[in-house]
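K.L.:
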Amino acid sequence: MEAYLDNSATTRPSEAAISAAEICLREGWHNPSALYRPALDAQKRMNAVRTLCLQKAGAEGQRLVFTGSGTEADNLAILGFMRTVRQPGRVLMLQTEHPAVSACEAELLRMGHTTETIPVDREGVADLQRLQAMLRDDVRMICVMQVNNEVGAVQPIAGIAALRDRLCPRAAIHVDAVQGFLRVPIAFNRLGIQSLAFSGHKLHACKGIGGLIVRRDCRLNPLVFGGGQEENLRSGTENTLGIAMLGAAVESFPADAAQRMMRLKRRLWEGLAGSVPGAVINGPSLDSPACAPHILNVSLQPVRSQTMLFALEGDGVYVSAGSACASHKQRLSPVLSAMGVNAARADCALRFSLCPYTTEEEIDHAVSCAAEHYAVLSRYVRR
Numbered sequence: 001m002e003a004y005l006d007n008s009a010t011t012r013p014s015e016a017a018i019s020a021a022e023i024c025l026r027e028g029w030h031n032p033s034a035l036y037r038p039a040l041d042a043q044k045r046m047n048a049v050r051t052l053c054l055q056k057a058g059a060e061g062q063r064l065v066f067t068g069s070g071t072e073a074d075n076l077a078i079l080g081f082m083r084t085v086r087q088p089g090r091v092l093m094l095q096t097e098h099p100a101v102s103a104c105e106a107e108l109l110r111m112g113h114t115t116e117t118i119p120v121d122r123e124g125v126a127d128l129q130r131l132q133a134m135l136r137d138d139v140r141m142i143c144v145m146q147v148n149n150e151v152g153a154v155q156p157i158a159g160i161a162a163l164r165d166r167l168c169p170r171a172a173i174h175v176d177a178v179q180g181f182l183r184v185p186i187a188f189n190r191l192g193i194q195s196l197a198f199s200g201h202k203l204h205a206c207k208g209i210g211g212l213i214v215r216r217d218c219r220l221n222p223l224v225f226g227g228g229q230e231e232n233l234r235s236g237t238e239n240t241l242g243i244a245m246l247g248a249a250v251e252s253f254p255a256d257a258a259q260r261m262m263r264l265k266r267r268l269w270e271g272l273a274g275s276v277p278g279a280v281i282n283g284p285s286l287d288s289p290a291c292a293p294h295i296l297n298v299s300l301q302p303v304r305s306q307t308m309l310f311a312l313e314g315d316g317v318y319v320s321a322g323s324a325c326a327s328h329k330q331r332l333s334p335v336l337s338a339m340g341v342n343a344a345r346a347d348c349a350l351r352f353s354l355c356p357y358t359t360e361e362e363i364d365h366a367v368s369c370a371a372e373h374y375a376v377l378s379r380y381v382r383r
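Each residue of the sequence shown is one higher than the one before, counting from 1 in my numbering.
(1) So the beta strand (DSSP E) isoleucine 142 belongs to, where does it begin and stop?
(2) According to DSSP, is aspartate 315 helix, strand or coil?
(3) Determine the direct distance from the alpha carbon of isoleucine 295 to that of leucine 52, and round the result to whole angstroms.
(4) Alpha carbon to alpha carbon, what distance is there between valine 335 and asparagine 7?
(5) Following the continuous alpha helix (DSSP H) through alanine 42, name the residue where it begins and the one where it ends.
(6) Can you look up methionine 308 in the DSSP assignment and give me helix, strand or coil?
(7) What is the rounded straight-line gap between the Cα of glycine 274 and the Cα of arginine 122?
(8) Give the straight-line distance between the Cα atoms of arginine 267 and isoleucine 363, rounded to the nearest whole angstrom.
(9) Is the separation between the beta-carbon of valine 49 and that of leucine 246 shorter than 8 Å?
(10) Sort Ala370, Ser333 and Val175 by Cα distance to leucine 94 and report the nearest one.
(11) So arginine 164 and alanine 171 are supposed to be a Cβ contact under 8 Å. How far apart are they, rounded?
(12) Cα separation between histidine 328 and alanine 344?
(13) Applying the criterion that 16 or more other CB atoms from any shown protein chain within 10 Å of the CB defines a buried residue, is glutamine 259 buried or exposed?
(14) Drop a sphere of 10 angstroms on the beta-carbon of tryptophan 269, count the other beta-carbons inside from all chains shown, and report buried for 16 or more, exposed for fewer.
(15) Does DSSP put valine 280 in a helix, a strand or coil?
(16) If you run the structure through DSSP and keep just helix, strand and coil, what is alanine 3?
(17) Taking the Cβ atom as the reference point for each residue, do leucine 76 and leucine 220 lie within a distance shorter than 8 Å?
(18) Three or more beta-carbon pairs under 8 Å between the segment 200-216 and the segment 9-27, yes or no?
(19) Just grab the DSSP bridge partners of histidine 294 for me.
(20) DSSP puts histidine 455 in a beta bridge; with which residues?
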């Protein structure tokens with residue numbers, strides 16, 4: 001059998017999303033900027049998805065800009081906001097941010113701003129005490145991901161927002177929620193954050209569609225210029241196919257997804273811990289409030305991650321060694337390094353990522369195969 005456990009890289013489109021795509025291709029393909037009835041109907045369907053996503057994020061009444069990806073949404077939030085800032089200032093980024101955020105540094109420096117990293121602890125969670133010492137009036141933006149894509153650490157956004165409110169109230173907060181949206185609750189309006197990015201293909205929609213939720217009072221300069229779509233923030237004919245799939249995927253996303261995935265994550269860890277000597281979790285423990293329900297990062301020393309990946313692939317078990325965006329770069333994870341994980345342990349790290357449709361059979365198959373390969377491969381490791 002196959003066990004696809006790399007859902008943080010991408011997810012299989014749901015049946016609801018596939019059905020929505022077919023309907024859109026056959027009937028809803030009109031340009032929503034046109035003025036005749038089928039086009040106006042396409043616009044209504046698009047705006048219904050916009051409203052649905054805002055509701056799911058607790059962001060009723062705010063704006064949602066459809067983008068081509070989570071990366072574009074992050075870039076628009078950070079660079080689009082900082083281009084409206086007249087005085088040079090500091091941008092704080094979590095030490096373990098995804099490259100969609102951290103790679104904005106070069107452009108921010110070119111614009112005359114400076115960047116600093118917010119340290120994390122051994123679980124990959126932001127160190128609020130050290131962050132507090134960094135907050136002053138010259139902070140223009142704080143970037144913090146909702147859930148780390150490699151180790152599943154849920155960040156204390158409420159605590160960060162409270163520190164911002166007290167120490168630098170004019171600073172904007174941007175949240176990369178690509179790994180958290182729908183899987184970990186967030187209350188956009190109540191937290192007082194300025195922007196939040198998410199991606200459709202992480203939620204059982206398709207690749208090529210993302211979204212940026214932005215407060216009504218948050219100014220942004222566009223990165224893409226043209227016909228002025230999306231309130232002039234993201235020109236280009238809207239991806240009605242991707243938006244339709246996104247809406248169907250969000251609407252059909254199980255309400256008890258977090259509970260389902262947490263049960264399976266616990267089953268996975270207990271299986272690995274019971275059959276692989278010395279297996280250790282990288283990131284929050286399963287009982288930690290910072291533990292996301294769908295990502296488990298473990299080291300199976302002394303077997304290197306790449307060796308175990310290839311062995312598991314032969315059994316139809318698909319996992320990763322970390323972020324899919326860096327899977328071909330053959331280097332130790334910057335996330336694990338920031339958490340203080342030593343090189344030997346980091347070199348043996350595997351990321352298992354679940355979805356609401358993952359089955360117990362997939363979990364048990366993955367555990368059985370990992371244990372079987374570990375028993376053989378651990379004997380042939382170079383000392």
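All C-beta atoms, glycine included, are put in the ideal place defined by N, C-alpha and C.
P.N.:
Let me lay it out:
(1) Counting along the chain, the beta strand (DSSP E) containing isoleucine 142 begins and ends at 139-145.
(2) If DSSP states are grouped into helix, strand and coil, aspartate 315 belongs with coil.
(3) 26 Å
(4) 18 Å
(5) 37-56
(6) Secondary structure of methionine 308 (DSSP, three-state): helix.
(7) 24 Å
(8) 7 Å
(9) yes
(10) Val175
(11) 5 Å
(12) Legend: pLDDT at histidine 328 = 49, less than 50; position of this residue unreliable, no value from coordinates given.
(13) Counting Cβ neighbours within 10 Å, glutamine 259 comes out exposed, since fewer than 16 surround it.
(14) buried
(15) strand
(16) strand
(17) Against a cut-off of 8 Å, the Cβ pair of leucine 220 and leucine 76 comes out as a contact.
(18) yes
(19) In DSSP, histidine 294 forms no bridge with anything.
(20) It is not possible to answer for residue 455, since the shown part of the chain is limited to 1 through 383.
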